[in-house]
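*Asks:* Let me begin by handing over the structure; questions about it come next.
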Amino acid sequence: MAKINPITQEELRAFDSELLLQELRSRAPKKAKPITREFQACGCDDTPTVVAKHLREGETAGVPELETVPTGELIEALRDVQKVIYGTDDRLDMYEVTDAAHRASADGVVMLVNAGSITANNNGTSTIATQNFGTAYNLCPTERFRHQPITGFCSGFLVDPSLVATAAHCVENANLANVRFVFGFQMRDATTAETTVPTSEVYRGIRIIGRAIGNQGTDWCIVQLDRPVLNHRHVRIRRSGQIPNNAGVYVIGHPVGLPKKWAGGAVVRDNTPARYFVANLDTYGGNSGSPVFNAATHDVEGILVRGETDFVFNGNCRVSNVVPANGGRGEDCTRVAEFASLVPPNQHDFIPFNPAKAKVVHRNGRWKIEVDGMWLLDFGSSKAEAQQALKIIKHYKMNTQCFVGRPGPSMEFYLVNGQAPSGAMAGEDAISFNPANVQAQYINGRWKVVDGNHWIMDFDQSEAEARQALSYILRYGFRFICFVGRPGPSMTYFRI
Amino acid sequence: MTPDPKGGFLQALEEAARQSRDIDELAALLRAFPEVHSVEVRDYLVKTQPPIRELAIHFQNTRFVADITLHPDGSLTVRGLHDC
Chain A
16 MAKINPITQE
26 ELRAFDSELL
36 LQELRSRAPK
46 KAKPITREFQ
56 ACGCDDTPTV
66 VAKHLREGET
76 AGVPELETVP
86 TGELIEALRD
96 VQKVIYGTDD
106 RLDMYEVTDA
116 AHRASADGVV
126 MLVNAGSITA
136 NNNGTSTIAT
146 QNFGTAYNLC
156 PTERFRHQPI
166 TGFCSGFLVD
176 PSLVATAAHC
186 VENANLANVR
196 FVFGFQMRDA
206 TTAETTVPTS
216 EVYRGIRIIG
226 RAIGNQGTDW
236 CIVQLDRPVL
246 NHRHVRIRRS
256 GQIPNNAGVY
266 VIGHPVGLPK
276 KWAGGAVVRD
286 NTPARYFVAN
296 LDTYGGNSGS
306 PVFNAATHDV
316 EGILVRGETD
326 FVFNGNCRVS
336 NVVPANGGRG
346 EDCTRVAEFA
356 SLVPPNQHDF
366 IPFNPAKAKV
376 VHRNGRWKIE
386 VDGMWLLDFG
396 SSKAEAQQAL
406 KIIKHYKMNT
416 QCFVGRPGPS
426 MEFYLVNGQA
436 PSGAMAGEDA
446 ISFNPANVQA
456 QYINGRWKVV
466 DGNHWIMDFD
476 QSEAEARQAL
486 SYILRYGFRF
496 ICFVGRPGPS
506 MTYFRI
Chain B
3 MTPDPKGGFL
13 QALEEAARQS
23 RDIDELAALL
33 RAFPEVHSVE
43 VRDYLVKTQP
53 PIRELAIHFQ
63 NTRFVADITL
73 HPDGSLTVRG
83 LHDC
């Protein structure tokens, strides 16, 4: 005869959350021994040692009044009575997220997958090999998302059309060729996962732009992709300073390799470490590299890298490790300002004009190209250069003039309806380069954009301008730098 | 004795990981190695999938961090050894 549970649901929810937790923990088959929080155990790091009481220390006894309550009911009750639950599920699938700003934040989040897990279908799509989450982890029936597929090993996010940020422990030169960056792995609805994605949503990394791990807990990596991502937003990152103490944060990524998840309801718990902060975010393995957003500004503040134990056994199956909102060790998030110098600011200085109205004029002894009384270009005493430039503008139908670093711009280029000018023009002074080889480098005390051993542009001491110029070259696919009037050109433009 | 991370110690570590049912058992096994002075289980998970637990292994003259991958089926493998 089945045992009758003497406690009603209402009575169960009247229990203190700590008692519910105590009973849940007493059912785990094995207790973890107390351990100290010691990030720099080897002594190679000068961060002060922080000793924290382990969550399970001394908590071995169950709660007699709760011993007959099924574990699933205990977990459900715990979720209900805690205002904020850290360590279980604040997570939502993307189809459940309705806030426009949060959805925009999610657009640039990518999953890192082993190349061998992706098969091209030869019809413009690729299929990602997956496992069933519940089966792979032997999850208890109460666990959310247990019927969903898992794949992938880390998360990342676009910080520029050609750059992905992730955790350093996810990517290094040795495995870069075997990593694929996949957009669009998410639940379409409650039952359907997008395991087949357009092949155009799968990217390779061609170069690690910067990487740091270990020094005072820092852990980040910036990867240049094989081509720019033009159909997803790149996030805005904090470029200096620190997130405010106790600020609200949310995370978007691929916990356990699940379809993309949003998890909010968290706050910065410890803002004192120089290179990372600690928050009570609901994250799991696979969240490494996830962007951690400031809930007020939607700027990325951190990269999720380390944290609390994910699962514990409940009898013969696993459940999420439930800890109070202010319990556990917290989740470490590397501060993104650490690598902000590698990320172009992307504050575009673009001026649209009507090429049909462009004309050569002579004002105050100088030859210029003007549009509706505003001058675009100044050629000094060279009428021939002004006429040649006008021919070029009209030939390509250029309608946007773009700058990096005004006044005294270090780069100038033109667009045609938001695209690079294309084709060629007779008599053009053009030098080709290979965009796959182009990099920003610091050479002999000056920042340059180079193609192998050949420098294309010089930016003196401005790393930000060099990286912004490189970003534009990659974004628009420029393959030629062209001049009017070398040396000391009066007009420079790029084309494909 | 200073162990060669690429040599005998790594092999012994891999074998110990294969025999262990969880990270605490692995740490206990390593503490029984004569050349090992102490083993510390870092309190955090490195949140790759599958996640990694770090063991700081102290020898007489040197120390390493072992990255131990915690597989969903409960098995442990050595992802690598590195300086701290």
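Protein sequence lines, in the order shown, are assigned to chains A and B. For the first sequence, the positions run 16 to 511 when the numbering used here is used. For the second sequence, the positions run 3 to 86 when the numbering used here is used. In this text, a Cβ means the ideal position worked out from N, Cα and C, and glycines have one as well.
1. Under 7 Å Cβ to Cβ from K372/A, same chain only, skipping five residues before and after it: list those, please.
2. Quick one: using the 10 Å Cβ neighbour count with 16 as the cut-off for buried, is F292/A buried or exposed?
3. Give the residues from the segment 264-283 of chain A that approach chain B closer than 7 Å (Cβ to any Cβ), ordered along the chain.
4. Based on Cα-Cα distance, which residue from R159/A, C236/A, T166/A and K406/A lies nearest to A205/A?
5. Does I25/B come out as helix, strand or coil in the three-state DSSP assignment?
6. Would you say L28/B reaches chain A, if we count a Cβ-Cβ gap shorter than 8 Å as a contact?
7. Please report whether the beta-carbon of F509/A lies at a distance below 8 Å from any beta-carbon of chain B.
8. For R248/A, I'd like the list of residues in its chain whose CB is within less than 8 Å of its CB, leaving aside the five on either flank, ordered along the chain.
9. Could you round the C-beta distance between R107/B and L72/B to whole angstroms and report it? I think they count as a contact, below 8 Å.
10. Helix, strand or coil, according to DSSP, for D122/A in the structure here?
11. Is DSSP giving N452/A helix, strand or coil here?
12. With a cut-off of 8 Å, does the C-beta of T50/B fall near any C-beta of chain A?
13. Per DSSP, A294/A forms a beta bridge with which residues?
14. Quick test of your reading: W390/A and K383/A, contact by CB under 8 Å. State the CB separation rounded to the nearest angstrom.
15. Count the other CB atoms within 10 Å of the CB of S77/B; is the residue buried (16 or more) or exposed (fewer)?
16. So, do the segment 464-480 of chain A and the segment 28-39 of chain B have three or more beta carbon pairs nearer to each other than 8 Å?
17. Hey, L489/A and P450/A are a contact pair by Cβ (cut 8 Å); roughly how many whole angstroms apart?
18. Relative to the C-alpha of D85/B, which residue among L191/A, I228/A and I133/A is closest?
19. Is it true that the CB of G77/A sits closer than 8 Å to the CB of E38/A?
20. Is there a Cβ of chain B sitting closer than 8 Å to that of A262/A, yes or no?
21. Output the distance between the C-alpha atoms of M426/A and G420/A, rounded to the nearest integer angstrom.
22. What residues in its chain sit with their C-beta under 7 Å from that of A289/A, if we drop five residues either side in the sequence?
23. Output the distance between the C-alpha atoms of S177/A and S486/A, rounded to the nearest integer angstrom.
24. Quick one: which residues of the segment 300-329 of chain A get their C-beta closer than 8 Å to a C-beta of chain B? List them in chain order.
25. Which same chain residues end up closer than 6 Å to A455/A when comparing Cβ atoms and leaving out the 5 residues on each side of it in sequence?
26. By Cβ distance below 6 Å, which residues in the same chain neighbour T507/A in space, the five residues on each side in sequence not counted?
27. Taking Cβ-Cβ distances shorter than 7 Å, what residues in chain B pair up with H184/A?
28. Return the Cβ separation of F148/A and I133/A in integer angstroms, given the expectation that the two are a contact with Cβ distance under 8 Å.
29. Contact criterion: CB-CB distance below 8 Å. Does P53/B meet it with respect to chain A?
30. Specify the secondary structure class of K372/A as computed by DSSP and reduced to three states.
31. Kindly say whether G149/A, judged by its beta-carbon, lies nearer than 8 Å to any beta-carbon of chain B.
32. Nearest chain A C-beta to P74/B closer than 8 Å, yes or no?
33. Using alpha carbons as the reference points, say which of A441/A, T207/A and F196/A lies closest to G268/A.
34. Since I believe A355/A is in contact with R226/A (beta carbons under 8 Å), could you give me their beta-carbon distance rounded to a whole number of angstroms?
35. If we define contact as Cβ-Cβ less than 8 Å, is Y291/A a contact residue for chain B?
36. Just list the residues that DSSP pairs F326/A with in beta bridges.
*Replies:* Considering the structure as presented:
1. In the first sequence, counting from the first residue as 1, residue 372/A sits at position 357. So the qualifying residues of the chain are V386 and D387.
2. Looking up residue 292/A in the first sequence gives position 277. By the neighbour-count rule (16 or more Cβ atoms within 10 Å), F292/A is buried.
3. Here the close residues are V271 and G272.
4. Within the first sequence, numbered from 1, the residue matching residue 205/A stands at position 190. Of the candidates R159/A, C236/A, T166/A and K406/A, the one whose C-alpha sits nearest the C-alpha of A205/A is R159/A.
5. Taking the first residue of the second sequence as 1, we reach residue 25/B at position 23. Here I25/B carries a helix assignment [DSSP, helix/strand/coil].
6. Walking along the second sequence from the start, residue 28/B turns up at place 26. Proximity of L28/B to chain A, defined by a Cβ-Cβ separation below 8 Å, is not satisfied.
7. Here residue 509/A refers to the residue found at position 494 of the first sequence. No Cβ of chain B is located within less than 8 Å of the beta carbon of F509/A.
8. Residue mapping note: residue 248/A aligns to position 233 of the first sequence, counting from 1. Excluding positions up to five away in sequence, the list reads A119, D122, G123 and L173.
9. For chain B, the structure presents residues 3 to 86; residue 107/B sits outside this window and is missing.
10. Reading the first sequence from its first residue, position 107 is the one you call residue 122/A. Reduced to three states, the DSSP call for D122/A is helix.
11. Within the first sequence, numbered from 1, the residue matching residue 452/A stands at position 437. The three-state secondary structure of N452/A, taken from DSSP, is helix.
12. The residue you call residue 50/B lines up with position 48 of the second sequence. Interface residue, yes.
13. Stepping through the first sequence from its first residue, residue 294/A is reached at position 279. Paired residue(s): V283/A and E346/A.
14. Looking up residue 390/A in the first sequence gives position 375. Looking up residue 383/A in the first sequence gives position 368. At roughly 5 Å, the Cβ-Cβ gap stays under 8 Å, so W390/A and K383/A are in contact.
15. Translated into positions along the second sequence, residue 77/B becomes position 75. Looking at its Cβ environment, which holds fewer than 16 other Cβ atoms inside 10 Å, S77/B is exposed.
16. The segment 464-480 of chain A vs the segment 28-39 of chain B: no contact.
17. By 1-based counting over the first sequence, the position of residue 489/A is 474. By 1-based counting over the first sequence, the position of residue 450/A is 435. That belief holds up - the Cβ atoms of L489/A and P450/A are roughly 6 Å apart, short of 8 Å.
18. Translated into positions along the second sequence, residue 85/B becomes position 83. When each option's Cα is compared against that of D85/B, the closest is I228/A.
19. Numbered from 1 along the first sequence, position 23 holds the residue referred to as residue 38/A. Numbered from 1 along the first sequence, position 62 holds the residue referred to as residue 77/A. Yes, these two residues count as a Cβ contact at 8 Å.
20. Working through the first sequence from its first residue, we reach residue 262/A at position 247. Taking Cβ atoms only, chain B never reaches closer than 8 Å to A262/A, which makes this a no.
21. Start at 1 with the first residue of the first sequence, and residue 426/A comes out as number 411. Start at 1 with the first residue of the first sequence, and residue 420/A comes out as number 405. Their Cα atoms are separated by approximately 7 Å.
22. The residue you call residue 289/A lines up with position 274 of the first sequence. Same-chain partners within the cutoff: Q231.
23. Taking the first sequence and counting its residues from 1, one reaches residue 177/A at position 162. Taking the first sequence and counting its residues from 1, one reaches residue 486/A at position 471. About 7 Å.
24. Listed in sequence order: G300, G301, N302, S303, L319, V320, R321, G322, E323, T324 and D325.
25. On the first sequence, position 440 is the one that residue 455/A refers to. For A455/A, where only same-chain residues beyond five positions count, the Cβ hits under 6 Å are V464, A481, R482 and L485.
26. If you number the first sequence from 1, residue 507/A lands on position 492. When the five nearest sequence neighbours on each side are left out, the beta carbons in the same chain lying within less than 6 Å of the beta carbon of T507/A are those of E427 and F498, in order along the chain.
27. If you number the first sequence from 1, residue 184/A lands on position 169. Ordered by position in chain B, the residues that pass the 7 Å Cβ test against H184/A are V48 and T50.
28. What you label residue 148/A is simply residue 133 of the first sequence in a count that begins at 1. What you label residue 133/A is simply residue 118 of the first sequence in a count that begins at 1. Rounded, the Cβ-Cβ distance is 19 Å, inconsistent with contact.
29. Taking the first residue of the second sequence as 1, we reach residue 53/B at position 51. Yes, P53/B counts as interfacial toward chain A.
30. Working through the first sequence from its first residue, we reach residue 372/A at position 357. K372/A: helix per DSSP, three-state reduction.
31. Taking the first residue of the first sequence as 1, we reach residue 149/A at position 134. Chain B contact via Cβ: absent.
32. Along the second sequence, one-based indexing puts residue 74/B at 72. It does: the Cβ of P74/B has a partner Cβ on chain A nearer than 8 Å.
33. For the purposes of this step, residue 268/A is taken as residue 253 along the first sequence, with counting starting at 1. G268/A has its Cα closest to that of F196/A, out of A441/A, T207/A and F196/A.
34. Looking up residue 226/A in the first sequence gives position 211. Looking up residue 355/A in the first sequence gives position 340. Not really, about 15 Å apart at Cβ, beyond 8 Å.
35. Along the first sequence, one-based indexing puts residue 291/A at 276. Answer no: the Cβ-Cβ gap between Y291/A and chain B never drops below 8 Å.
36. Position 311 of the first sequence, counted from the first residue, corresponds to residue 326/A. According to DSSP, which records beta bridges pairwise, F326/A is partnered with S335/A.
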